[in-house]
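**Q**
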Ligand code: NAP
């Protein structure tokens with residue numbers, strides 16, 4: 101790094117296991133950018149917004165728990181982030197902080213080539229930032245989203261906001277022939293034995309996508325595959341949303357294949373490592 105190195109990073113908490121630095125720094129190196137991506141673990145958004153301006157941080161990704169909470173600390177939102185109501189990308193232009201959302205594009209870029217969405221019903225499980233991105237993306241592609249959530253009041257509010265139907269999670273089996281996107285963290289490492297939808301209801305869905313990518317194959321995807329559904333994990337979404345952030349920040353096209361490769365290699369190593377640890381625990 102030199103004095104001229106452009107600094108980017110990730111804000112949120114906890115961040116220790118994030119793969120964003122690995123993915124972004126591999127892309128910057130391959131693109132020949134004098135740039136570095138680092139972690140800014142924080143619990144205080146006012147201080148973080150000041151730090152971004154004072155230190156001239158060029159851009160940051162935003163993760164849990166700040167995708168909605170960060171909105172009041174920004175100077176403006178682009179059109180898509182304003183409609184989604186959540187931000188995963190901040191760009192600093194001379195101290196002016198603009199919020200964008202690349203999650204919706206990341207997800208839909210991955211889904212639209214595999215599954216028919218236009219005119220089709222798509223159940224979106226969850227009511228957080230990732231659900232907002234999924235609902236917006238499904239609507240933009242002419243699909244008919246249904247909000248499915250554990251907490252009824254949150255799900256109903258979200259469905260009203262996006263002009264779609266709501267179902268409590270306990271009634272998900274009443275859907276038939278829809279696609280399904282899990283946007284909850286249920287099934288994520290280390291709680292890989294959990295799943296948001298029981299196995300016996302899965303054959304009703306045409307396809308099942310999970311925004312989780314740790315592990316690469318969640319229990320939900322494994323059981324959906326067993327029930328005859330087509331499936332898609334969250335890795336493509338992760339790579340696509342990061343590539344779009346790089347495009348917003350630098351105006352250049354990011355090397356998606358390389359980004360996917362470095363993340364897959366790290367995750368495959370971790371999956372293998374956890375399987376070995378699992379085997380030791382069982383023996
Ligand atoms: P969030 O704002 O905290 O929302 C989580 C949602 O999950 C809530 O609606 C919550 O339901 C539901 N939920 C949590 N635990 C549950 C349980 N045990 N049973 C049923 N529902 C449960 O989180 P988020 O920001 O939307 O992120 C969600 C997931 O998306 C995370 O795993 C994140 O890593 C992933 N993600 C992936 C990508 C990617 O690039 N692949 C991008 C963004 C996010 P209630 O309303 O009932 O509490």
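Numbering (our numbering), first residue to last: 101 to 383. Heads up, the beta-carbon is just placed ideally off N, CA and C, and yes, glycines get one too. Computed from a prediction, not measured in an experiment: that's the story for all the values here.
Below 8 angstroms on the Cβ atoms is my contact criterion, and I expect residue 197 with residue 152 to pass it. Report the Cβ-Cβ distance as a whole number of Å.
**A** Taking the chain shown and counting its residues from 1, the one referred to as residue 197 is at position 97. Taking the chain shown and counting its residues from 1, the one referred to as residue 152 is at position 52. Right, their Cβ atoms sit about 7 angstroms apart.
**Q** Does at least one heavy atom of the ligand NAP sit under 6 angstroms from the Cβ of residue 189?
**A** In the chain shown, counting from the first residue as 1, residue 189 sits at position 89. No, the beta carbon of residue 189 sits no closer than 6 angstroms to any heavy atom of the ligand NAP.
**Q** Could you give the distance in angstroms between the alpha-carbon of residue 180 and the alpha-carbon of residue 367?
**A** Counted from its first residue, the chain shown places residue 180 at position 80. Counted from its first residue, the chain shown places residue 367 at position 267. Distance between the alpha carbons of residue 180 and residue 367: 31 angstroms.
**Q** Name the residue from 250, 159, 173 and 227 whose alpha carbon lies nearest to the alpha carbon of residue 184.
**A** Here residue 184 refers to the residue found at position 84 of the chain shown. Closest by alpha carbon: 227.
**Q** Which of helix, strand or coil does DSSP assign to residue 310?
**A** Translated into the one-based positions of the chain shown, residue 310 becomes position 210. In the structure shown, residue 310 sits in a strand (DSSP, three-state: E or B).
**Q** Which of the three DSSP states is assigned to residue 179 in this structure?
**A** If you number the chain shown from 1, residue 179 lands on position 79. Three-state DSSP puts residue 179 in a helix.
**Q** Please report the distance separating the alpha-carbon of residue 174 from that of residue 254.
**A** Translated into the one-based positions of the chain shown, residue 174 becomes position 74. Translated into the one-based positions of the chain shown, residue 254 becomes position 154. Rounded to the nearest angstrom, the two C-alpha atoms are 25 angstroms apart.
**Q** If you check the beta carbons only, do residue 238 and residue 222 fall under 7 angstroms apart?
**A** For the purposes of this step, residue 238 is taken as residue 138 along the chain shown, with counting starting at 1. For the purposes of this step, residue 222 is taken as residue 122 along the chain shown, with counting starting at 1. Cβ distance < 7 angstroms, so residue 238 and residue 222 count as in contact.
**Q** Note down the Cα distance separating residue 380 from residue 370, rounded to an integer number of angstroms.
**A** Against the chain shown, residue 380 aligns to sequence position 280. Against the chain shown, residue 370 aligns to sequence position 270. Residue placement at residue 380 is flagged as unreliable, the pLDDT there being 39, under the threshold of 50; a coordinate-derived value is accordingly withheld.
**Q** How close, in whole Å, do the beta carbons of residue 188 and residue 202 come, if the pair is a contact with beta carbons under 8 angstroms?
**A** Sequence index remark: in the chain shown, residue 188 carries index 88 (1-based). Sequence index remark: in the chain shown, residue 202 carries index 102 (1-based). The Cβ separation is near 6 angstroms, so the contact holds.
**Q** If the criterion is Cβ atoms closer than 7 angstroms, does the pair residue 137 and residue 125 meet it?
**A** Translated into positions along the chain shown, residue 137 becomes position 37. Translated into positions along the chain shown, residue 125 becomes position 25. In this structure, residue 125 lies closer than 7 angstroms to residue 137 by Cβ.
**Q** Below 6 angstroms CB to CB, which residues in the same chain sit around residue 282 once its five sequence neighbours on both sides are set aside?
**A** As a first step, residue 282 must be located in the chain shown, where it is residue number 182. For residue 282, where only same-chain residues beyond five positions count, the Cβ hits under 6 angstroms are 225, 296, 310 and 320.
**Q** Based on DSSP bridge pairs, tell me the residues matched to residue 266.
**A** For the purposes of this step, residue 266 is taken as the residue at position 166 of the chain shown. For residue 266, which the question treats as bridged, DSSP gives the partners 247.
**Q** Check residue 136 in the structure and name its three-state DSSP category.
**A** If you number the chain shown from 1, residue 136 lands on position 36. Strand, per DSSP.
**Q** Using the DSSP secondary-structure output, state which residues sit across from residue 193 in a beta bridge.
**A** In the chain shown, the residue the question calls residue 193 occupies position 93. 196.
**Q** Taking the CB atoms as reference points, tell me whether residue 258 and residue 245 lie closer together than 7 angstroms.
**A** For the purposes of this step, residue 258 is identified with residue 158 of the chain shown, where counting begins at 1. For the purposes of this step, residue 245 is identified with residue 145 of the chain shown, where counting begins at 1. No, they are not a contact pair.
**Q** Using the rule of at least 16 other Cβ atoms within 10 Å of the residue's Cβ for burial, across every protein chain shown, is residue 276 buried or exposed?
**A** Here residue 276 is taken as the residue at index 176 of the chain shown, counted from 1. Looking at its Cβ environment, which holds fewer than 16 other Cβ atoms inside 10 Å, residue 276 is exposed.
**Q** Who does residue 223 pair with in a DSSP beta bridge?
**A** As a first step, residue 223 is located in the chain shown; it is residue number 123 there, counting from the start. Answer is 246 and 280, bridged to residue 223.
**Q** Can you tell me which residues form a DSSP beta bridge with residue 112?
**A** Start at 1 with the first residue of the chain shown, and residue 112 comes out as number 12. DSSP lists 141 as partners of residue 112.
**Q** For residue 145 versus residue 162, is the C-beta distance shorter than 7 angstroms?
**A** Mapped onto the chain shown, residue 145 falls at position 45. Mapped onto the chain shown, residue 162 falls at position 62. No, they are not a contact pair.
**Q** With distances taken between CB atoms, is the gap from residue 333 to residue 358 smaller than 7 angstroms?
**A** Here residue 333 refers to the residue found at position 233 when the chain shown is read from its first residue. Here residue 358 refers to the residue found at position 258 when the chain shown is read from its first residue. Contact: no.
**Q** Excluding sequence positions up to five away, which residues of its chain have a Cβ less than 7 angstroms from the Cβ of residue 233?
**A** Along the chain shown, read from residue 1 onward, the residue named residue 233 stands at position 133. Only 184, 186, 201, 203, 204 and 207 meet the Cβ criterion.
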